[in-house]
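Before any comments, here is the structure.
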Ligand SMILES: CC(=O)N[C@H]1[C@@H](OP(=O)(O)OP(=O)(O)OC[C@H]2O[C@@H](n3ccc(=O)[nH]c3=O)[C@H](O)[C@@H]2O)O[C@H](CO)[C@@H](O)[C@@H]1O
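Numbering (the numbering used here), first residue to last: 219 to 578.
Here you go:
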């Protein structure tokens, strides 16, 4: 009997890999073979590497920039090269379905799948679809969405609302393990600061300017991004890490409140774990406005407070997080009313339904 095969794609930032990481173990458990096409050197390569059951193919990628850059001249050639590579890999591997999480690497992969007649299911984490997904959507059978509101931004008949997907490991966190990982010994509440998978320089600066005031009230764990750790500031109340993986569930379990960017995966993880959050969305110039909409939706639902970057100073940051902590019960109560179920199983079934029927 033919072993079913799924191919995944998605990358550029952790947010474009998280859902894939949650799904892969389910497919492996059910005896599927799993391949992944990502970029040669992107974060997806590092995140997928520990999964030994997955065959990883790295292809050439060019970024789809919204601004002028000399790389724009070179990138079309890389994109074309990547498209040929993706086409050939898919022709050789013959997957039954492609699941695409978006990010610029995914565009040539979706095209390669379409040319090889492999059905494609796309997943969109944000309220409005990203550029890569917008390009790829016409080639896909359907688009799974995290927000129900996303349907209005998609061509008729393509949307499949599923909700957020939470990695299994995040549900296994343990607060006391988190405390010993950070060597926290005081009874002060724990503030987690997470600037998105890529860190956030401006948030880092504001946090550090407010550090004296913040550490009077909180013990702080700061996930600050690559190259952003400031060793001279390290103290028993202030721990910094560039990025954590295995320890994240324990650190989340320990956190009382969170300051974060408004990347979709992160905010749904905080919602699932009932963490009151102060969101500082990327501006329209830094991203495409997706985080502003994510943050607004969460604020309207009563799950978070929002501080816009233009208004962020040491003073507004500290007073906003103090106010958030003071009203934490109100936020937790609203989050308890959230009816969204964890939707990993729904998504898993949807992908299986999209796959080609079994060959004997
Ligand atoms: C700059 C940019 O383009 N940002 C986008 C990117 O953000 P970004 O990659 O930051 O995305 P998300 O916040 O959605 O996801 C980050 C993921 O990384 C994990 N994590 C983070 C820090 C850490 O130390 N360890 C760790 O495991 C989080 O738990 C989460 O699962 O994708 C999101 C989802 O499409 C978008 O909403 C963001 O606008």
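From the three backbone atoms N, C-alpha and C, an ideal C-beta is built for every residue, glycine too.
Look at the Cβ atom of residue 424, then the Cβ atom of residue 501, and state whether they are nearer than 9 Å.
Here residue 424 corresponds to residue number 206 of the chain shown, with the count starting at 1. Here residue 501 corresponds to residue number 283 of the chain shown, with the count starting at 1. Against a cut-off of 9 Å, the Cβ pair of residue 501 and residue 424 comes out as no contact.
Based on Cα-Cα distance, which residue from 414, 464, 473, 453 lies nearest to residue 444?
Working through the chain shown from its first residue, we reach residue 444 at position 226. The shortest C-alpha separation from residue 444 is found at 414.
Measure the C-alpha to C-alpha separation of residue 192 and residue 458 and round it to an integer number of angstroms.
Any answer about residue 192 is impossible in this case: the structure gives the chain only from 219 up to 578.
Let me know if residue 550 comes out buried or exposed under the rule of 16 or more other beta-carbons within 10 Å of its beta-carbon.
The sequence position of residue 550 within the chain shown is 332, counting from 1. Under this definition residue 550 is an exposed residue.
List in chain order: all unbroken beta strand (DSSP E) runs of 3+ residues lying wholly within the region 240-266.
Within the region 240-266, complete beta strand (DSSP E) segments of at least 3 residues are found at 251-257, given in chain order.
Other residues of its chain near residue 508: CB distance less than 6 Å, five sequence neighbours each side excluded
For the purposes of this step, residue 508 is taken as residue 290 along the chain shown, with counting starting at 1. For residue 508, where only same-chain residues beyond five positions count, the Cβ hits under 6 Å are 344, 346.
Within a Cβ cutoff of 8 Å, which residues of the same chain sit near residue 367, ignoring the five residues on either side of it in sequence?
Taking the chain shown and counting its residues from 1, the one referred to as residue 367 is at position 149. Same-chain partners within the cutoff: 345, 515.
Can you tell which of 220, 488, 253 has the C-alpha that lies nearest to the C-alpha of residue 214?
This structure leaves residue 214 out entirely; the chain is present only between 219 and 578.
Helix, strand or coil for residue 550? Go by DSSP, reduced to three states.
Counting from 1 along the chain shown, the entry for residue 550 is found at position 332. Of the three classes helix, strand and coil, the one that applies to residue 550 here is helix, per DSSP.
May I ask you to list the residues that DSSP assigns as paired with residue 379?
In the chain shown, residue 379 corresponds to position 161, counting from 1. Secondary-structure assignment with DSSP links residue 379 through a beta bridge to 363.
How many angstroms separate the CA atom of residue 388 from the CA atom of residue 567?
The residue you call residue 388 lines up with position 170 of the chain shown. The residue you call residue 567 lines up with position 349 of the chain shown. If I take the Cα positions, the gap works out to 21 Å.
List the whole-angstrom C-beta distance separating residue 224 from residue 317, where the pair is believed to meet the contact cut-off of C-beta under 8 Å.
Position 6 of the chain shown holds residue 224. Position 99 of the chain shown holds residue 317. Residue 224 to residue 317, Cβ: 6 Å. Contact.
Since residue 341 and residue 246 are thought to touch, with beta carbons under 8 Å apart, how far apart are those beta carbons, to the nearest angstrom?
As a first step, residue 341 must be located in the chain shown, where it is residue number 123. As a first step, residue 246 must be located in the chain shown, where it is residue number 28. Wrong, their Cβ atoms sit about 18 Å apart, outside the cutoff.
List the whole-angstrom C-beta distance separating residue 477 from residue 429, where the pair is believed to meet the contact cut-off of C-beta under 8 Å.
Here residue 477 corresponds to residue number 259 of the chain shown, with the count starting at 1. Here residue 429 corresponds to residue number 211 of the chain shown, with the count starting at 1. That belief does not hold up - the Cβ atoms of residue 477 and residue 429 are roughly 13 Å apart, past 8 Å.
Roughly how many angstroms lie between the CA atoms of residue 328 and residue 411, to the nearest whole one?
In the chain shown, counting from the first residue as 1, residue 328 sits at position 110. In the chain shown, counting from the first residue as 1, residue 411 sits at position 193. When rounded, the distance between both Cα atoms is 35 Å.
Are the region 492-501 and the region 464-481 in contact at 8 Å, needing three or more beta carbon pairs?
yes
Starting from residue 430, trace the alpha helix (DSSP H) in both directions and tell me its first and last residue.
Translated into positions along the chain shown, residue 430 becomes position 212. Segment 429-435, the alpha helix (DSSP H) holding residue 430.
How would you write the range of the alpha helix (DSSP H) that residue 231 sits in, first residue to last?
Locating residue 231 in the chain shown gives position 13, where the first residue counts as 1. No alpha helix (DSSP H) holds residue 231; DSSP gives it neither H nor E.
For residue 569, report the span of its alpha helix (DSSP H) as first-last.
The count along the chain shown starts at 1 and reaches residue 569 at position 351. Where residue 569 is concerned, the enclosing alpha helix (DSSP H) stretches over 562-572.
Would the beta-carbon of residue 463 be found less than 8 Å away from any heavy atom of ligand 1?
Against the chain shown, residue 463 aligns to sequence position 245. Indeed, a heavy atom of ligand 1 lies less than 8 Å from the Cβ.
Can you check DSSP and say which residues form a bridge with residue 472?
Translated into positions along the chain shown, residue 472 becomes position 254. Beta-bridge pairing links residue 472 to no other residue.
Could I get the ranges of all uninterrupted beta strand (DSSP E) runs contained in the region 275-361, with 3 residues as the minimum, in chain order?
315-318, 338-342
Inspect the beta-carbon positions of residue 435 and residue 543 and report whether they are closer than 9 Å.
Counting from 1 along the chain shown, the entry for residue 435 is found at position 217. Counting from 1 along the chain shown, the entry for residue 543 is found at position 325. Taking 9 Å as the Cβ cut-off, residue 435 and residue 543 qualify as a contacting pair.
Who are the Cβ neighbours of residue 314 in its own chain at under 6 Å, not counting the five residues just before and after it?
By 1-based counting over the chain shown, the position of residue 314 is 96. Excluding sequence neighbours, residue 314 sits near 222, 223, 573, 574.
For residue 540, tell me which candidate among 300, 418, 431 has the shortest Cα-Cα distance.
On the chain shown, position 322 is the one that residue 540 refers to. Measuring from the Cα of residue 540, the nearest candidate turns out to be 431.
In chain order, which continuous runs of the alpha helix (DSSP H) of length 4 or greater are located wholly inside the region 397-432?
Secondary structure in the region 397-432: the alpha helix (DSSP H) runs of 4 residues or longer, each lying completely within the stretch, are 419-427 in chain order.
Would you say the beta carbon of residue 238 is closer than 8 Å to some non-hydrogen atom of ligand 1?
As a position in the chain shown, residue 238 is number 20, starting the count at 1. Not so, every heavy atom of ligand 1 lies at least 8 Å from the Cβ.
Whole-angstrom Cβ separation of residue 350 and residue 321, contact assumed at under 8 Å?
Position 132 of the chain shown, counting from 1, holds the residue named residue 350. Position 103 of the chain shown, counting from 1, holds the residue named residue 321. Between the beta-carbon of residue 350 and that of residue 321 there is about 6 Å, and that keeps the pair under the 8 Å contact cut.
Spatial neighbours of residue 255 within its chain, please: C-beta separation below 7 Å, excluding the five flanking residues on both sides.
Locating residue 255 in the chain shown gives position 37, counting from the first residue. Same-chain partners within the cutoff: 225, 227, 275, 277, 304, 307, 327.
Which residues in the same chain as residue 565 place their Cβ atom closer than 8 Å to its Cβ, once the five residues preceding and following it in sequence are excluded?
Here residue 565 refers to the residue found at position 347 when the chain shown is read from its first residue. The residues are 237, 241, 341, 362, 380, 383.
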